[in-house]
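Number of protein chains: 2
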Amino acid sequence: MSHARPTPLIRSLPSTVPFVGPEVQERRIGTHFTARLGANENVFGPSPKAIEAMREGAAEIWQYGDSASHDLRSALAARHGIAMENIVVGEGIDGLLGYLVRLMVAPGDAVVTSDGAYPTFNYHVTGFGGTLHKVPYKGDFEDLPALMARAGEVDAKLLYYSNPDNPMGSWARGEEIVAALDDLPEGCLMMLDEAYVELAPDGTAAPVEIEDPRVIRMRTFSKAYGMAGARVGYALGAAALIAEFEKIRNHFGMNRAAQAGALAALQDDAWLAHVQEQVAAARGEIARIARENGLEPLPSATNFVTIDCGRDGDFARAVLAGLTARGIFARMPFVAPQDRCIRVSCGRPAELARFAEALPGALQDARG
Amino acid sequence: MSHARPTPLIRSLPSTVPFVGPEVQERRIGTHFTARLGANENVFGPSPKAIEAMREGAAEIWQYGDSASHDLRSALAARHGIAMENIVVGEGIDGLLGYLVRLMVAPGDAVVTSDGAYPTFNYHVTGFGGTLHKVPYKGDFEDLPALMARAGEVDAKLLYYSNPDNPMGSWARGEEIVAALDDLPEGCLMMLDEAYVELAPDGTAAPVEIEDPRVIRMRTFSKAYGMAGARVGYALGAAALIAEFEKIRNHFGMNRAAQAGALAALQDDAWLAHVQEQVAAARGEIARIARENGLEPLPSATNFVTIDCGRDGDFARAVLAGLTARGIFARMPFVAPQDRCIRVSCGRPAELARFAEALPGALQDARG
Numbered sequence: 001m002s003h004a005r006p007t008p009l010i011r012s013l014p015s016t017v018p019f020v021g022p023e024v025q026e027r028r029i030g031t032h033f034t035a036r037l038g039a040n041e042n043v044f045g046p047s048p049k050a051i052e053a054m055r056e057g058a059a060e061i062w063q064y065g066d067s068a069s070h071d072l073r074s075a076l077a078a079r080h081g082i083a084m085e086n087i088v089v090g091e092g093i094d095g096l097l098g099y100l101v102r103l104m105v106a107p108g109d110a111v112v113t114s115d116g117a118y119p120t121f122n123y124h125v126t127g128f129g130g131t132l133h134k135v136p137y138k139g140d141f142e143d144l145p146a147l148m149a150r151a152g153e154v155d156a157k158l159l160y161y162s163n164p165d166n167p168m169g170s171w172a173r174g175e176e177i178v179a180a181l182d183d184l185p186e187g188c189l190m191m192l193d194e195a196y197v198e199l200a201p202d203g204t205a206a207p208v209e210i211e212d213p214r215v216i217r218m219r220t221f222s223k224a225y226g227m228a229g230a231r232v233g234y235a236l237g238a239a240a241l242i243a244e245f246e247k248i249r250n251h252f253g254m255n256r257a258a259q260a261g262a263l264a265a266l267q268d269d270a271w272l273a274h275v276q277e278q279v280a281a282a283r284g285e286i287a288r289i290a291r292e293n294g295l296e297p298l299p300s301a302t303n304f305v306t307i308d309c310g311r312d313g314d315f316a317r318a319v320l321a322g323l324t325a326r327g328i329f330a331r332m333p334f335v336a337p338q339d340r341c342i343r344v345s346c347g348r349p350a351e352l353a354r355f356a357e358a359l360p361g362a363l364q365d366a367r368g
Numbered sequence: 001m002s003h004a005r006p007t008p009l010i011r012s013l014p015s016t017v018p019f020v021g022p023e024v025q026e027r028r029i030g031t032h033f034t035a036r037l038g039a040n041e042n043v044f045g046p047s048p049k050a051i052e053a054m055r056e057g058a059a060e061i062w063q064y065g066d067s068a069s070h071d072l073r074s075a076l077a078a079r080h081g082i083a084m085e086n087i088v089v090g091e092g093i094d095g096l097l098g099y100l101v102r103l104m105v106a107p108g109d110a111v112v113t114s115d116g117a118y119p120t121f122n123y124h125v126t127g128f129g130g131t132l133h134k135v136p137y138k139g140d141f142e143d144l145p146a147l148m149a150r151a152g153e154v155d156a157k158l159l160y161y162s163n164p165d166n167p168m169g170s171w172a173r174g175e176e177i178v179a180a181l182d183d184l185p186e187g188c189l190m191m192l193d194e195a196y197v198e199l200a201p202d203g204t205a206a207p208v209e210i211e212d213p214r215v216i217r218m219r220t221f222s223k224a225y226g227m228a229g230a231r232v233g234y235a236l237g238a239a240a241l242i243a244e245f246e247k248i249r250n251h252f253g254m255n256r257a258a259q260a261g262a263l264a265a266l267q268d269d270a271w272l273a274h275v276q277e278q279v280a281a282a283r284g285e286i287a288r289i290a291r292e293n294g295l296e297p298l299p300s301a302t303n304f305v306t307i308d309c310g311r312d313g314d315f316a317r318a319v320l321a322g323l324t325a326r327g328i329f330a331r332m333p334f335v336a337p338q339d340r341c342i343r344v345s346c347g348r349p350a351e352l353a354r355f356a357e358a359l360p361g362a363l364q365d366a367r368g
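Order-wise, the sequence lines are chains A and B. Residue 368 is where the first sequence ends in the UniProt record's numbering, and the numbering goes up by one at each step. Residue 368 is where the second sequence ends in the UniProt record's numbering, and the numbering goes up by one at each step.
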């Protein structure tokens, strides 16, 4: 017998990562990407006020962060017109998803998601021994009625739904989601991932009554607020549900400078508007480049554009490989038939110009 | 039936926090502490080069951190003379402890620790359903032979041991720990917490052969390196054990600026030496203040001094309350008979002067 005895669950798990990071890819291929357009990072960056707050925070980093994230939660509560008790701040949505799955999912418990939706959620479900039930997309949309029906069939404890959707960029109206909640099976909690919602048209955010026990929403400072590397996300939900996180979360897990940066970012509405404009312009430019190359850009309510390459997954993978070889970091949906597409994050004009320069060759090679 | 159905384990857990943070205390009492000496933060701060790296990192925070923490692990591997595969970087030791417990502890599994040792470890064990077996301290030292004997009796999967010890500041020679490993029961992994080791006398770090499967060591940038708020820790162990973390860790969980800061901090040996000097001087000053007030400072290999107040836990708690009321943030051991002590972190001269000013009144009130 060895000294380390991992649990039976751990022994059953594959060693897998939800995503291969761009730095890992760069080390594999031995060169640096000239355009970082694969992780839906916000290249326009955070508010200058947030940057300044984080710079000031660097000198104060000898102190642990506030375990309650009081000031940030207070500002978020005011912004959303809710109580602080309805908000938990965590280490990005990824971290919060891990906590949520741990709260709800014991080995063998059923969880429903869309086939091809966020792999990090699936990673957590598998990691806690849950059984994933995957529902196909309907066209390029997550199929909420089908997800709810499946949840009822398998007695799911969690239903993952993102709006806007990643990786397709599609979206539903928030009011429709709230109306659909009446069909959510008893005993099933909807995890509504609104990571991209600040970049979506008005009316996309679901107007959930905050004490509605059927849904927990998650938001992040990684996308519209441009702070992916800071690791700040938050969940909104009924106070009794939010209180459950206190039992298991890493109370001193937040980076102190990141807390300060998020607070400053939240208060700079002018910068958010600037980012929204830049992102909209970049979406237009990515769409133009796609059409110029005979490809079909899908409508997007996010900071990326998913481009239908018009053939199958093998073809799109070849296009992606061609882009990688030309120094462009992009990604693509993992599952058919969505894997006929590549996914390109909004970049600055210079980066999109490099994408435009690389795409024809990548397509030519793929058609090779 | 409600919509959120927490697991039976979660329903069984109390809502508890391992520590009440200083900001939470300040909000309760309605004033700010004038000396922050309770969380063993390093008030001398990180290397100026680390601060500069984090300041530069603020502008790059739109990018996710490197999921592999490649550069930091590479530098740590060089420093320790081991391979990168022997190192996992995580969100502080607290985060890594959570991962380690999740890897090893299924509900009902036995874990051994000292009664009064690190509560955050216990929080994780309880949170994953493990059964904690606590062994009394022997005097002011963790009792390694007794811990190992108990581990054998209860078939423990993990044994927690810290060197130097928190909250007592005591320490063992690293060679003695390695020699004692021969008595570690089969099937039990020793978790050796070396959070404070850079502040301890030479010979305190355990000279573990890196592929020794019996022990995993944890280190941090929170203490000697002065970056508690950054959330950067790492574990050292056999490659096969370290690889297990890949199955469950939050791959994109590291703050990007913190990664850069830790790398810079690691390379500034002169600053580390400066901190070691400052900490040693502060330990001496805290001891002097204690003796001046008729109290007994315990020897310390850390950045805090544990002070024996000479009576029972109620008395020490009253002293601590008196310090709190006078604006001094300090803490104390939770468990008798160690709770006859208070624990004071190394501060700058001005902060220690405020402690010296407050202590006589706090003692007088406690003697009441």
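Positions of the beta carbon are idealized from the N, C-alpha and C atoms, including for glycine.
- Note on geometry: alpha-carbon atoms of residue 310 of chain B and residue 362 of chain B lie some 14 Å from one another.
- Following the DSSP letters along the chain, one finds residue 114 of chain B inside the beta strand (DSSP E) bounded by residues 110-114.
- The three-state secondary structure of residue 34 of chain A, taken from DSSP, is coil.
- In this structure, residue 23 of chain A lies near residue 66 of chain B, with their beta-carbon atoms less than 7 Å apart.
- Taking 7 Å as the Cβ-Cβ cut-off, the region 151-178 of chain B approaches chain A at 157, given in chain order.
- The Cβ of residue 207 of chain B sits no closer than 7 Å to any Cβ of chain A.
- Contacts with chain B at 7 Å (Cβ-Cβ) include residue 54 of chain A.
- Comparing alpha-carbon positions, the option among A:159, A:19, A:337, A:223 lying closest to residue 189 of chain A turns out to be A:159.
- Here DSSP, grouped into helix, strand and coil, assigns residue 192 of chain A to strand.
- Per the DSSP secondary-structure output, residue 345 of chain B pairs in a beta bridge with B:304.
- Inclusion of residue 83 of chain A and residue 77 of chain A in the CB contact set at 7 Å is warranted, their separation being smaller than that value.
- Per the coordinates, the alpha-carbon of residue 113 of chain A lies some 10 Å from the alpha-carbon of residue 162 of chain A.
- Contact between residue 91 of chain A and residue 91 of chain B holds, since their C-beta atoms are separated by about 6 Å, short of 8 Å.
- In this structure, the beta-carbon distance from residue 341 of chain B to residue 333 of chain B falls below 7 Å.
- Between residue 116 of chain A and residue 338 of chain A, the C-beta gap is smaller than 7 Å, which places the two residues in contact.
- For residue 105 of chain B, there is no enclosing beta strand (DSSP E), as DSSP marks it with neither H nor E.
- With contact defined as three or more Cβ pairs closer than 8 Å, the region 33-43 of chain B and the region 248-268 of chain B are not in contact.
- Using beta-carbon distances, residue 59 of chain A counts as an interface residue toward chain B, with a partner under 7 Å.
- Apart from sequence neighbours up to five positions away, the residues of its chain that approach residue 326 of chain B with a beta-carbon distance below 7 Å are 358, 361, 362, ordered along the chain.
- Rounded to whole angstroms, residue 175 of chain A and residue 336 of chain B show a C-alpha spacing of 57 Å.
- In this structure, the alpha-carbon of residue 191 of chain B lies about 39 Å from that of residue 36 of chain A.
- Less than 7 Å separates the beta-carbon of residue 96 of chain B from that of residue 233 of chain B.
- Using a Cβ distance threshold of 7 Å, residue 18 of chain B and residue 119 of chain B count as a contacting pair.
- In the three-state scheme derived from DSSP, where H, G and I count as helix and E and B as strand, residue 233 of chain A is classed as strand.
- Checking the DSSP bridge columns, you'll see residue 242 of chain A has no partner listed.
- DSSP lists no bridge partner for residue 210 of chain A.
- Annotated as distal: residue 133 of chain B and residue 149 of chain B, with beta-carbon spacing of 7 Å or more.
- Here residue 296 of chain B carries a strand assignment [DSSP, helix/strand/coil].
- Around the beta carbon of residue 278 of chain A, a 10 Å sphere encloses 16 or more other beta carbons of the protein chains shown; the residue is thus reported as buried.
- Against chain A, a Cβ distance below 8 Å from residue 105 of chain B picks out 7.
- In the DSSP assignment, residue 159 of chain A falls within the beta strand (DSSP E) that extends over 158-162.
- Between the C-alpha atoms of residue 196 of chain B and residue 203 of chain B there is a straight-line separation of about 13 Å.
- Under the DSSP assignment, residue 132 of chain A falls in the beta strand (DSSP E) whose first and last residues are 131-135.
- In this structure, the beta-carbon distance from residue 72 of chain B to residue 89 of chain B falls below 7 Å.
- The C-beta separation of residue 64 of chain B from residue 229 of chain A comes to about 6 Å, placing the pair in contact by the 8 Å criterion.
- Take residue 58 of chain A, set aside five residues on each side of it, and the residues of its chain with a beta-carbon closer than 7 Å to its own are 257, in chain order.
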